[in-house]
Amino acid sequence: MTIGRAIALASLGFALLAGVAPRVATAGDTPNGTHYNLNIIAVPPNNRPPDSNTSNRHTIIAPLNTVRGNVDCRIMLTNGGTTYDFQVVDGFCLDGDASFVLPDPDPLNTGVAEYQVWLALAGKPGGGANLTTCQVDKVTLEEVCSLESTITISGNRDPGKPKWVNVTKQLLTVCLDTSVPSDGVCDTRQFLFDDSTKDYLWQYDNFGNRLLKLRFYPIQQSIGFNP
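All you need for the working numbering is the position in the sequence shown, starting with 1, plus 6.
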């Protein structure tokens with residue numbers, strides 16, 4: 007990626023917020039201003055909608071209950087470069103895989119994410135979900151998931167407005183054990199798309215949660231490369 011293109015991302019991101027002063031989010035709330043919505047909607051096996059690969063949607067259809075290796079949902083992530091744009095390419099995860107395009111979060115390799123990600127469970131209270139960022143070696147197909155970035159959300163929330171959580175670090179980076187010999191402890195953080203030999207994905211494990219909402223805001227956040 008060129009510096010010129012990376013600057014274009016930052017410039018566009020802040021241009022989208024021109025005239026709108028970002029509000030510092032309080033606990034359970036989100037920033038204001040321009041954002042992209044992505045909804046992960048879960049359905050039971052007897053209520054499967056038809057497969058659809060239309061790319062103008064903001065939804066991904068996922069299983070209501072998943073078991074890794076049996077009923078799976080892997081959201082494959084594609085590098086959209088430095089254009090502040092998001093796109094659901096394949097929104098049908100009932101067959102195991104979906105596909106989502108999002109911008110390179112750290113095009114200048116500075117440890118600063120060019121946008122933030124916020125998450126909430128919505129719909130009827132009950133159930134829960136795990137969301138984990140992983141990478142897959144393109145040659146060996148070995149999958150390595152973040153040791154630190156599993157997001158576990160309980161749907162047994164209080165009635166009323168869903169509570170939003172900033173998950174920028176968890177969803178835009180992978181925390182890896184790079185020590186030799188391996189000790190199973192996260193010691194290095196890598197942003198999505200930092201390694202061209204890897205594919206990246208979000209592993210979505212669902213336990214009866216019917217709606218997970220994600221919002222992407224063009225607001226920078228310093229993360230760094232350490233756990």
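Ideal Cβ placement from N, Cα and C applies to all residues, glycine included.
Rounding to the nearest angstrom, what Cα-Cα distance links Cys99 and Thr184 in this structure?
Distance between the alpha carbons of Cys99 and Thr184: 31 Å.
From this set, Pro111, Pro109 and Arg216, which residue's C-alpha is nearest Asn53's C-alpha?
For Asn53, the nearest C-alpha among the options comes from Arg216.
Quick one: using the 10 Å Cβ neighbour count with 16 as the cut-off for buried, is His41 buried or exposed?
Classification of His41: buried, given that the 10 Å Cβ count is 16 or more.
Using only alpha-carbon positions, find the residue among Arg63, Val95, Leu182 and Val171 that is nearest to Thr158.
Ranking the options by Cα distance to Thr158, first place goes to Val171.
Contact check, Phe213 vs Gly133 under 8 Å by CB: the rounded distance?
Right, the Cβ-Cβ distance comes to about 5 Å (below 8 Å), so this counts as a contact.
Taking only the alpha-carbon atoms, compute the straight-line gap between His64 and Asp96 and give it to the nearest angstrom.
Their backbone Cα atoms lie some 11 Å apart in a straight line.
From Val186 to Leu125, what distance separates their C-alpha atoms?
If you take the alpha carbons of Val186 and Leu125, they lie about 35 Å apart.
Since Lys167 is in the alpha helix (DSSP H), which residue starts that stretch and which ends it?
Run containing Lys167: none; DSSP gives neither H nor E here.
Which two residues bound the contiguous alpha helix (DSSP H) that contains Leu177?
Thr174 to Leu178 is the span of the alpha helix (DSSP H), which, as asked, contains Leu177.
Given a cut-off of 7 Å, decide if Arg80 and Leu207 are closer than it, judged by their beta-carbon atoms.
Yes.
Taking Asp180 and Cys140 to be in contact with their CB atoms under 8 Å, please state how far apart those CB atoms are, rounded to whole angstroms.
The identity of residue 180 in the sequence shown is Val, whereas the question assumes Asp. At roughly 7 Å, the Cβ-Cβ gap stays under 8 Å, so Val180 and Cys140 are in contact.
Quick one: what does DSSP say Asn136 is sitting in, helix, strand or coil?
Here Asn136 sits in strand by DSSP.
Spell out the partners DSSP gives Glu149 in its beta bridges.
Looking at the DSSP assignment, Glu149 forms a beta bridge with Val142.
Taking 7 Å as the cut-off, decide whether the C-beta atoms of Asn43 and Phe199 are in contact.
Result no, Cβ atoms of Asn43 and Phe199 do not sit closer than 7 Å.
What's the C-alpha gap between Pro55 and Cys151?
About 30 Å.
Given that a residue counts as buried once 16 or more other Cβ atoms are within 10 Å of its Cβ, and exposed if not, what is Asp189?
By the 10 Å Cβ count, Asp189 comes out exposed.
What is the DSSP secondary structure of Ala24, reduced to helix, strand or coil?
In this prediction, Ala24 has a pLDDT of 29, which is less than 50 and means its spatial position is unreliable; nothing more can be read from the coordinates.
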